[in-house]
Every structure is written in structure tokens, then in C-alpha cells.
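Participant: Handing you this structure, nothing more for now.
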Amino acid sequence: MTHNHELAASAVTLAYGDRIVVDSLDLTVASGKVTAIVGPNGCGKSTLLRALARLITPKDGEVLLDGAPIHKQHSKEIARTIGLLPQSPVAPEGIAVADLVGRGRTPHQKLLARWSSADYEAVAAALDATGTTELADRSVDELSGGQRQRVWIAMALAQQTDILLLDEPTTFLDVSHQVEVLDLLSELNHTRGTTVVMVLHDLNLAARYADELVVVSEGRIHSSGAPRDIISPETVNDVFGLSAQIVEDPVSGTPMVIPIGRHRVR
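Right under this line is the structure:
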């Protein structure tokens, strides 16, 4: 089972040069839960995720892991606690699937040490969980976008971190594989207690799978909480500029956004 860690942003401002993308933002990630970060393009979702993963140094404020500034903690220790799947990861040319997934074990290994049975078991379990075992000997280069995405998720799983950050993990996937991946992350959360934070485009999938929804708008948190408390016609209109009705998802009972668009209600 995982350990509970607290990951938080405290008055964090993030910028690219002089352009402020996230402005004095406070967020405490719900430990042991699934959190989805949603919002329109360019609102700062991915930038916030990168800061939580220690890839970006805040211009102001701090990201804290268990109460201590994340930038003052040892990189390998962070890598044992926080796993990240970025938006468009790049694999070394010609690398085999099993070797790429095996790189998830690096934070757990001592310099020049041999692979342990725990390393092999973690990789096998990650391949199995993502349905990529039969691809193990294939080159990552020759996989479809959907297969490749599942392999990257396998690498993140092999890292066996207590916190998993994913930037649009359903990109390039058709609908059935989107649901498969989100089911997999949900299962990981339920069985291992892994804290999952993911940036998602699809509001309805976010509402279905997330315990907590964080709605970001123009570099600030517009609202956060349980999906049924957050998703309303007003929020959807305010943040996405979309007129919509909210109904109950007939499968999950979670809120479901139905765009009105040109098809006005009769």
C-alpha cells in the first residue's frame, strides 16, 4: 500500500519570461484521491502540473511536499514519491517497450546495482495492468499512438510512486481506450491508494472519474470540490463560454454536460 503524502501549492506564481501563466495560486492535493484539473486551453493547467512535479520553479510562492519546499528535496527521493506522465513524452529512438517501462525503476536502483526481483515484478505488473505485455519486445517507434500512450503509463506505474501526475493521459486514444486508461488509474487509486492528479480535456470523463475537480480559469482556481458540487450551467458558461444543460450521467450518476449550441431546447 502507499503512504499518504501532502502535495500543495502555496501562493504559487508561474511564468514564462514576463508572461504570468499561474497567478498566486493555492492548492492542496487530496491525498489518496483522484483529482482532475480542468479548464480551457491556455488557462495554466499543464503549467501547474509541471510545477507540482518540480519541473518548473515558481516565480513566487512554493510547492510543498509533506510541508517542505519541493525544490530543496533530493531529486531521487522526489522520483520515488511523485511520478509524472507529461503531455508529449519522447522515447529514445529504437528503444523496446520493456526497456522503456524498465526506466521507471531507475529511482529505486542504486548506481551500477543489478536488477532485483522487485524490479522485474514491477515491470511485469505494469505491462500487465496496461495490456501491453504482448508489446514488450516491440520497438516503441512502431506502435500506434494509443499503444504508445499505454506504454508510457506502464512506465509511470513501474515507478510505483505514491503520487501520480498525468498531463492529458487520454490524448491520442479512441473512446474505448480512454475509458480503459481511466479505469486503470481508478483501479490503481482504489487498490493501492495512489494519489492521482490528471489534467483532462473531457469534462464528462473528469466528472465521472474524479473525486475532486479543480477548475482553472486564467491562471487561478475558479472552483474546486466534488464534481456534483462544482459542475453547473453557470460554471460551464463562465469558464468555457459554453451554454449547456447539466443532467445526471445514466451510468455513473455523476454530472454530465450537454452542450446546447445551435440545437436549442424545444
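Read in order, the letters of the sequence shown correspond to residues 3 to 268 in our numbering. Every residue, glycine too, gets a C-beta built ideally from N, C-alpha and C.
1. In the structure shown, what three-state DSSP assignment does residue 120 receive?
2. Do the segment 159–167 and the segment 186–200 meet, that is, are 3 or more Cβ pairs less than 8 Å apart?
3. What do you reckon, are the CB atoms on residue 32 and residue 62 nearer than 9 Å?
4. So which of 11, 103, 84 and 87 has the shortest CA-CA distance to residue 71?
5. Taking C-alpha atoms, which residue in 69, 46, 222 and 80 lies nearest to residue 56?
6. Please name the residue or residues paired with residue 169 in a DSSP beta bridge.
7. Among 43, 60, 47 and 26, which residue has its Cα nearest to the Cα of residue 19?
8. Mapping DSSP to helix, strand and coil, what is residue 95?
9. How long is the line joining the alpha carbons of residue 213 and residue 69, rounded to whole angstroms?
10. Just list the beta strand (DSSP E) runs in the segment 127–202, keeping only unbroken ones of 3 residues or longer that don't cross its boundaries, in chain order.
11. With a cut-off of 8 Å on the beta carbons, I'd call residue 151 and residue 137 a contact; round off their distance for me.
12. Is the distance from the Cβ of residue 269 to the Cβ of residue 168 below 9 Å?
13. My output table needs one value for residue 7: the three-state DSSP class, helix, strand or coil.
14. Quickly, what does DSSP pair residue 57 with across the bridge? List them, please.
15. Going by CA-CA distance only, name the one from 7, 90, 254 and 30 that's closest to residue 181.
16. Run through the segment 215–259 for me and flag every whole alpha helix (DSSP H) of 4 or more residues, listed as ranges in chain order.
17. Cα separation between residue 211 and residue 123?
18. Tell me the DSSP secondary structure of residue 28 in three-state form.
19. Check the C-beta distance from residue 40 over to residue 208 and give it rounded, since I have them as a contact under 8 Å.
20. Is it true that the CB of residue 189 sits closer than 9 Å to the CB of residue 126?
Facilitator: This is what the structure holds:
1. helix
2. yes
3. no
4. 11
5. 80
6. 201
7. 60
8. coil
9. 23 Å
10. 165–169 and 197–201
11. Not quite, the Cβ-Cβ distance comes to about 12 Å (not below 8 Å), so this is no contact.
12. The first residue shown for the chain is 3 and the last is 268, placing residue 269 beyond what the model contains.
13. coil
14. Beta-bridge pairing links residue 57 to no other residue.
15. 254
16. 229–232 and 235–242
17. 28 Å
18. strand
19. 5 Å
20. no
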